[in-house]
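To start, the structure under review is shown below, and the notes come after it.
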Amino acid sequence: MLTIYSEDHRLHHGAAELYRGRLVPCFEMPARAEQVLDRVKAAGLGAVVAPDPLDRAALARVHAEDYLAFLETAWDEWQALGETGDALPYAWPATGLRRDVPPEHIDGKLGFYSIDAAVPITAGTWRAITSSAACALTGARQIVEGAASAFALCRPPGHHAGARAMGGFCYLNNAAIAAQYLRDNGAGRVAILDVDYHHGNGTQSIFYDRGDVFFASLHGDPAVEYPFFLGHADERGEGDGLGANRNFPLPWGTSGADYLSALDAALADIAAFAPDMVVVSLGVDTFAEDPISHFKLHGPDFAEIGRRVAGLGRRTLFVMEGGYAVADIGANVAHVLTGFAGA
Ligand code: Q9C
Ligand code: ZN
């Protein structure tokens, strides 16, 4: 299995995020990707290659042009204020406020194009996020050209980013961009399986009214877990997409056994959809020792996830999402990928 990786991710290193009334150090840090790279190499999974040059048009298939323009210029606009620290949003067009008049000031834009404050923009953020998306697109190209699987070692992650919004450490929705690329290059039907601990709200919203891309997510119940405002079981899609969205909210403390039962149900739905190709949003923040999550998965559970996904018998692109137990993230990702490859 080919791994696609760019060291450009290091250019994005936020200092702090707002959490329960305090600014705390960012959990989403460069060491995460370095650990995954080390363990993927040690596992002998296959070659590690750099991404192809980015095709910006592929981003615009998923994200609005005004949002891309915002991401590309936000740091310069922030710097023009004389600021040297990270750009962070602090005001949002929430209920009762207007969304139809885009603000002109960068402070307004940061809130207009975000769902929370866990998205610092730094000098290198645009280069890092476009390289991350390029990794996903290069992996998708491998799949289109016939590879049975590929691993896009994306950082920053993507599944909380919507068509016009960043949030939850995510800016460009790498998995959605890859899924759309598969649709545009030969796959009639694509399924996205999201096993990150958090609901993939961005991915769900991007494909919610479409019947050609199935989205299934296993995650901490939004009643008690970020992103709080999407990810409930009754969200089944709308319009042409009715029936092509499936959520499995699970309680805090969910064990490997209970998780794998829910995974089987998600995989059965995906098999019934009969996708040509599969994208896995691969977060390993379901790990028992994860510092911001509340599931209880261990190494062997991750290998079992890989084995069961392989049971779909479809060409599969794995796209890196979350996982914050830095010392273990690489081993847990390697377990999933070797479980898939060895199945
Ligand atoms: N300070 C992903 O796993 N904030 N994103 C949680 C902890 C948001 C997680 C509070 C968590 C986002 C890709
Ligand atoms: Zn997560």
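Going by numbering that gives the first Met the number 0, 303 is the number at position 304 of the sequence shown; the sequence numbering is gapless. By construction, the Cβ of each residue, glycine as well, lies at the ideal position given by its N, Cα and C atoms.
Any idea if residue i is buried or exposed, counting beta-carbon neighbours within 10 angstroms, 16 or more meaning buried?
i	result
Arg21	exposed
Glu82	exposed
Thr315	buried
Ser204	buried
Thr94	exposed
Gly145	exposed
Ala164	buried
His74	One point to set straight first is that residue 74 is Trp, not His, in the sequence displayed. Answer is buried; the Cβ neighbour count reaches 16.
Leu266	buried
Glu303	buried
Ala162	exposed
Glu64	exposed
Ala14	exposed
Phe228	exposed
Glu288	exposed
Arg154	buried
Ser260	exposed
Leu80	exposed
Ala139	buried
Given the structure, does residue i come close to ligand 2, in the sense that its CB is under 7 Å from one of the ligand's heavy atoms?
i	result
Gly13	no
Glu320	yes
Asp195	yes
Asp284	yes
With a CB to CB cut of under 6 Å and the five nearest residues on each side skipped, what residues in its chain are close to residue i?
i	result
Trp77	Ala86 and Ile105
Glu27	Phe168
Ala340	Met0
Arg60	Gln179
Asp7	Arg126, Ala127 and Ser130
Pro290	Tyr323
Ala122	Trp74
Thr337	Ala42
Less than 7 Å separating the Cβ of residue i from some heavy atom of ligand 1?
i	result
Glu144	no
Ala139	no
Gly201	no
Gly167	yes
Val35	no
Phe227	no
Ala117	yes
Ile291	yes
His159	yes
Pro88	no
Phe26	yes
Pro29	no
Val335	no
Val23	yes
Tyr343	Nothing about residue 343 can be reported from this structure: the residues present for the chain run from 0 to 342 only.
Pro92	no
Pro417	Because residue 417 is not part of the residues shown, which for the chain are 0 to 342, the question remains open.
CB-CB under 7 Å to residue i, same chain, minus the five flanking residues each way: which ones, in chain order?
i	result
Glu237	Tyr207 and Asp208
His158	Cys169, Asn172, Ala174, Asp193, Asp195, Gly199, Gly201, Thr202, Ser280 and Glu320
Leu58	Leu67, Ala132, Leu171 and Ile176
Lys352	Here the chain has residues from 0 to 342 only, and residue 352 is not among them.
Gly230	His198, Asn200, Ser216, His218, Pro221, Asn246 and Pro248
Excluding sequence positions up to five away, which residues of its chain have a Cβ less than 8 Å from the Cβ of residue i?
i	result
Gly45	Met0, Leu1 and Thr2
Val48	Leu1, Thr2, Ile3, Tyr4 and Thr137
Leu36	Thr2, Tyr4, Val47, Leu152 and Gly329
Write down every uninterrupted run of the beta strand (DSSP E) in the stretch 61–140 whose length is 3 residues or greater and which is fully enclosed by it, in chain order. The stretch 61–140 contains no whole beta strand (DSSP E) run of 3 or more residues.
Whole beta strand (DSSP E) elements within the stretch 185–247, 3-residue minimum: For the stretch 185–247, whole beta strand (DSSP E) runs of length 3 or above, ordered along the chain, are 189–193 and 212–219.
Hey, which unbroken runs of the beta strand (DSSP E) at 3 residues or more fall wholly within the stretch 270–316? If we require 3 residues or more, the beta strand (DSSP E) runs fully inside the stretch 270–316 come out as 276–281.
Enumerated in chain order, which unbroken segments of the beta strand (DSSP E) with a length of 3 residues or greater are wholly contained in the stretch 141–167? Runs of the beta strand (DSSP E) lying entirely within the stretch 141–167 and spanning at least 3 residues, in chain order: 148–151.
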